[in-house]
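What follows is a short report on a single structure.
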Amino acid sequence: MAERSDYQTGTRSVPVIPYDTFEAANLFLATGRSLQEVLPRIGLTEQEWAPLREAYRWFPYTYDDRARRAYFDGLDDAAICRLVLPPRWRLPDGAAPDLRTTWHVREAVRRTPHIGPFADSGWPLTCIAAHPEATLCCYTHDGAHVYFNGERLADKQGNPLDVDAGSFKAFGGRWLHDRHRVYGEGEYGAQRKTYWYEVEGADIATFEALNLRYARDRERAYYITGKTIRTKSPAAFEIVPQVSLNYRDHSCDFRRDGSILARDRESVYFYGARLKGARPATFRELGHDYATDDTDVWYLDEKRIIDGADAATFTVHGPGDPPLRLRGNGPCATDRHRPYLRAEPCDPAASVEAWRPFFESRPELDDWWWHRLTREAPRS
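Sequential numbering of the sequence shown, starting at 403, is according to the working numbering.
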């Protein structure tokens with residue numbers, strides 16, 4: 403039985419359905435059911451579904467709310483909640499009206515999708531796992547096939563993969579398995595087309611997802627492009643965190659989930675390939691594609707050592723530092739001897755005024771190139 407109602411917004415009316423019904427409809431559509439099968443159960447036409455879906459799908463997130471505000475003619479969260487939560491849900495007592503609280507409704511529907519107009523559908527559906535990056539998508543199966551975002555899992559050529567739906571699970575990140583094989587989720591092309599592939603030779607029993615890009619088992623490591631890493635020390639294979647410099651709030655985060663860097667006892671890996679000459683025990687990223695192993699400084703964007711850079715004092719300009727007065731653009735840094743722009747050394751004498759705000763804000767630094775030059779030629 404359809405649960406549609408119509409809400410009058412100024413000179414027009416728009417269809418309204420319960421939010422849990424919307425999420426259930428989305429799941430069935432993502433698991434092989436057609437619009438012609440699903441929409442009659444919720445009382446919508448295809449023309450009505452498209453704008454309603456755009457308005458509803460971001461309810462649990464702070465992401466762009468323009469579509470829902472336009473759809474509901476500017477209603478606030480409290481009014482929208484009163485429209486879309488009944489009959490099976492309501493705000494907890496004392497809770498402030500906030501559409502972000504609908505995330506728990508979505509999660510409940512993913513566990514039990516046969517609700518309301520779908521209670522008697524008889525359509526098999528199991529939600530396997532949420533996707534770690536594609537916020538609105540999840541893996542599902544109908545007992546026969548595994549789906550992602552409405553499509554069966556397929557290889558790079560578009561051929562459906564023969565996976566065992568009943569045993570299909572996620573290791574974590576973009577690594578998955580059934581009882582027979584391990585699978586990776588890759589991307590290709592400018593549109594980042596998603597495909598899946600079998601990870602050849604992977605041991606299911608000892609396989610471990612380390613992040614979105616790297617994994618390991620008892621014998622080797624893996625990179626998400628399908629590359630097998632012949633590590634000599636798989637038990638020691640680990641992620642090297644990347645530094646995220648956040649200029650909005652002057653913070654510094656160490657990201658593991660998306661890091662493109664890893665190491666074992668013998669080597670450092672960058673996008674799954676060995677970074678020749680890098681010392682793994684002391685290797686760390688500094689931000690803006692700069693890294694160091696306490697002996698050399700690396701510019702990762704070009705996979706090279708910065709000749710002459712002083713690893714002990716190399717400092718990346720980052721959050722909280724005052725803006726520099728540079729003539730060029732790119733990641734900038736300095737050490738005791740000279741400044742750098744895009745990993746290229748700059749003339750210290752020509753850089754004194756550009757770097758003045760930085761050094762004047764860092765009184766703990768002393769006797770660097772800037773100090774020596776300003777003592778030799780004081781400002782008039």
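Glycine included, C-beta positions come from ideal geometry on N, C-alpha and C.
Quiz item: Can the beta-carbon of Asp-389 be found less than 8 Å from the beta-carbon of Pro-453?
Solution: Only positions 403 to 782 of the chain appear in the structure, and residue 389 is not among them; the question remains open.
Quiz item: Nearest to Ala-546 by alpha carbon, out of Pro-562, Thr-537, Asp-495 and Cys-539?
Solution: Working through the sequence shown from its first residue, we reach residue 546 at position 144. Ala-546 has its Cα closest to that of Pro-562, out of Pro-562, Thr-537, Asp-495 and Cys-539.
Quiz item: What residue ranges within the region 543-596 form continuous alpha helix (DSSP H) runs of no fewer than 4 residues, ordered along the chain?
Solution: none
Practice problem: Could you tell me how far apart the beta carbons of Pro-462 and Arg-492 are, in whole angstroms, since I believe they sit closer than 8 Å? | Solution: In the sequence shown, counting from the first residue as 1, residue 462 sits at position 60. In the sequence shown, counting from the first residue as 1, residue 492 sits at position 90. Not quite, the Cβ-Cβ distance comes to about 16 Å (not below 8 Å), so this is no contact.
Self-check item: C-alpha distance - His-582 paired with Glu-610, whole-angstrom precision
Solution: What you label residue 582 is simply residue 180 of the sequence shown in a count that begins at 1. What you label residue 610 is simply residue 208 of the sequence shown in a count that begins at 1. Whole-angstrom Cα-Cα distance: 16 Å.
Quiz item: What three-state label does DSSP hand Ser-782 in the structure shown?
Solution: Within the sequence shown, residue 782 is the residue found at index 380, counting from 1. Because the pLDDT of Ser-782 is 48, which lies under 50, any placement of that residue in the model is unreliable, and the question is left without a value.
Quiz item: Residues bridged to Glu-704 by DSSP?
Solution: Mapped onto the sequence shown, residue 704 falls at position 302. Answer is none; Glu-704 lacks a bridge partner.
Quiz item: So what's Arg-471 in DSSP terms, helix, strand or just coil?
Solution: Numbered from 1 along the sequence shown, position 69 holds the residue referred to as residue 471. In this structure, Arg-471 counts as helix in the three-state DSSP scheme.
Quiz item: Using the rule of at least 16 other Cβ atoms within 10 Å of the residue's Cβ for burial, across every protein chain shown, is Trp-770 buried or exposed?
Solution: Within the sequence shown, residue 770 is the residue found at index 368, counting from 1. It counts as buried.
Quiz item: Using CA coordinates, which residue listed in Ser-415, Glu-778, Leu-437 and Thr-413 is at the minimum distance from Phe-424?
Solution: For the purposes of this step, residue 424 is identified with residue 22 of the sequence shown, where counting begins at 1. Nearest neighbour of Phe-424 by Cα position, chosen from Ser-415, Glu-778, Leu-437 and Thr-413, turns out to be Leu-437.
Quiz item: Is it right to say Asn-731 is buried, meaning 16 or more other beta carbons lie within 10 angstroms of its own, or is it exposed?
Solution: In the sequence shown, the residue the question calls residue 731 occupies position 329. It is exposed - the Cβ of Asn-731 has fewer than 16 other Cβ atoms within 10 Å.
Self-check item: Of the residues Phe-716, Leu-726 and Pro-750, the one placed nearest Leu-767, counting alpha carbons only
Solution: Along the sequence shown, one-based indexing puts residue 767 at 365. Of the candidates Phe-716, Leu-726 and Pro-750, the one whose C-alpha sits nearest the C-alpha of Leu-767 is Phe-716.
Quiz item: Near Ile-517, what residues of its chain come up, given a Cβ to Cβ distance below 8 Å and the 5 sequence neighbours on each side ignored?
Solution: Within the sequence shown, the letter at position 115 stands for residue 517. Contacts found: Asp-422, Thr-423, Ala-426, Arg-490 and Val-511.
Quiz item: So, Ala-572 versus Ala-531, is the Cβ gap smaller than 8 Å?
Solution: The residue labelled residue 572 in the question sits at position 170 within the sequence shown. The residue labelled residue 531 in the question sits at position 129 within the sequence shown. Taking 8 Å as the Cβ cut-off, Ala-572 and Ala-531 qualify as a contacting pair.
Practice problem: Going by DSSP, name the residue or residues bridged to Asp-408. | Solution: To locate residue 408, count along the sequence shown from 1; it is residue 6. Bridge partners of Asp-408: Pro-417.
Self-check item: Residue range of the beta strand (DSSP E) that includes Cys-748
Solution: The residue labelled residue 748 in the question sits at position 346 within the sequence shown. Boundaries for Cys-748: no beta strand (DSSP E) harbours it, and the DSSP string shows neither H nor E there.
Quiz item: Assuming Val-642 contacts Ser-661 under a Cβ cut-off of 8 Å, what Cβ separation, rounded to an integer in Å, is found between them?
Solution: On the sequence shown, residue 642 is found 240 positions in, with the first residue counted as 1. On the sequence shown, residue 661 is found 259 positions in, with the first residue counted as 1. Sure, about 6 Å apart at Cβ, within 8 Å.
Practice problem: Measure the C-alpha to C-alpha separation of His-690 and Glu-448 and round it to an integer number of angstroms. | Solution: Locating residue 690 in the sequence shown gives position 288, counting from the first residue. Locating residue 448 in the sequence shown gives position 46, counting from the first residue. Spanning the two alpha carbons is a distance of roughly 46 Å.
Quiz item: Do three or more CB pairs link the region 691-705 to the region 747-754 at distances below 8 Å?
Solution: no
Quiz item: Apart from the five residues just before and just after Tyr-671, which ones in its own chain have a Cβ nearer than 6 Å to its Cβ?
Solution: Walking along the sequence shown from the start, residue 671 turns up at place 269. Counting only Cβ-Cβ distances below 6 Å, and skipping sequence neighbours, we find Ala-664.
Quiz item: Which residues share a DSSP beta bridge with Phe-672?
Solution: Residue numbering aside, residue 672 sits at position 270 when the sequence shown is read from its first letter. According to DSSP, which records beta bridges pairwise, Phe-672 is partnered with Leu-663 and Ala-675.
Exercise. For Ser-763, I'd like the list of residues in its chain whose CB is within less than 6 Å of its CB, leaving aside the five on either flank, ordered along the chain.
Key: Taking the sequence shown and counting its residues from 1, one reaches residue 763 at position 361. Around Ser-763: Pro-724.
Quiz prompt | Where Phe-760 falls, given that 16 or more other Cβ within 10 Å makes a residue buried | solution = Sequence index remark: in the sequence shown, residue 760 carries index 358 (1-based). It counts as buried.
Quiz item: Ordered along the chain, which non-local residues of its own chain (more than five positions away) have a Cβ less than 8 Å from that of Arg-502?
Solution: The sequence position of residue 502 within the sequence shown is 100, counting from 1. Here the set comprises Phe-461, Pro-462, Tyr-463 and Thr-464.
Quiz item: Which class does Arg-681 belong to by DSSP, given the choice of helix, strand or coil?
Solution: Here residue 681 corresponds to residue number 279 of the sequence shown, with the count starting at 1. Assigned with DSSP and collapsed to three states, Arg-681 falls in coil, not helix or strand.
Quiz item: On the premise that Ala-680 lies in contact with Asp-666, defined as a C-beta separation below 8 Å, what is that separation, rounded to the nearest angstrom?
Solution: For the purposes of this step, residue 666 is taken as residue 264 along the sequence shown, with counting starting at 1. For the purposes of this step, residue 680 is taken as residue 278 along the sequence shown, with counting starting at 1. Not really, about 12 Å apart at Cβ, beyond 8 Å.
Quiz prompt | Cα-Cα separation between Ser-782 and His-773, rounded to whole angstroms | solution = The residue labelled residue 782 in the question sits at position 380 within the sequence shown. The residue labelled residue 773 in the question sits at position 371 within the sequence shown. Only weak support is given to the placement of Ser-782: the predicted model assigns it a pLDDT of 48, under 50, and the question is left unresolved by the model.
Quiz item: Who pairs with Gln-644 in a beta bridge, going by DSSP?
Solution: Within the sequence shown, numbered from 1, the residue matching residue 644 stands at position 242. Paired residues: Arg-657.
Self-check item: For Glu-589, the nearest candidate out of Gly-560, Gly-603 and Leu-612 (CA to CA)
Solution: Position 187 of the sequence shown, counted from the start, is the residue given in the question as residue 589. The shortest Cα separation from Glu-589 among Gly-560, Gly-603 and Leu-612 belongs to Gly-560.
Quiz prompt | Supposed close pair Gly-575, Pro-534 - CB separation, criterion 8 Å | solution = Stepping through the sequence shown from its first residue, residue 575 is reached at position 173. Stepping through the sequence shown from its first residue, residue 534 is reached at position 132. That pair is a contact at about 6 Å.
Self-check item: Cys-529 and Arg-513 closer than 8 Å at C-beta
Solution: Mapped onto the sequence shown, residue 529 falls at position 127. Mapped onto the sequence shown, residue 513 falls at position 111. Yes, the pair counts as a contact, with Cβ atoms nearer than the cut-off.
Self-check item: Start-to-end residues for the alpha helix (DSSP H) that takes in Leu-437
Solution: Position 35 of the sequence shown holds residue 437. Looking at the DSSP string, the run of the alpha helix (DSSP H) that includes Leu-437 is 437-444.
Exercise. Let me know the secondary structure DSSP gives Glu-535 once reduced to three states.
Key: Translated into positions along the sequence shown, residue 535 becomes position 133. Reduced to three states, the DSSP call for Glu-535 is coil.
Quiz item: In or out: Gly-412 buried (at least 16 other Cβ within 10 Å) or exposed?
Solution: What you label residue 412 is simply residue 10 of the sequence shown in a count that begins at 1. Exposed, because fewer than 16 other Cβ atoms sit within 10 Å of the Cβ of Gly-412.
Practice problem: Use the C-beta contact count for Gly-603: other C-beta atoms within 10 angstroms, 16 or more gives buried, fewer gives exposed. | Solution: Walking along the sequence shown from the start, residue 603 turns up at place 201. Its Cβ having fewer than 16 others within 10 Å, Gly-603 is exposed.
Quiz item: Are Glu-755 and Arg-727 close, meaning C-beta to C-beta below 8 Å?
Solution: The count along the sequence shown starts at 1 and reaches residue 755 at position 353. The count along the sequence shown starts at 1 and reaches residue 727 at position 325. The answer is yes: Cβ separation under 8 Å.
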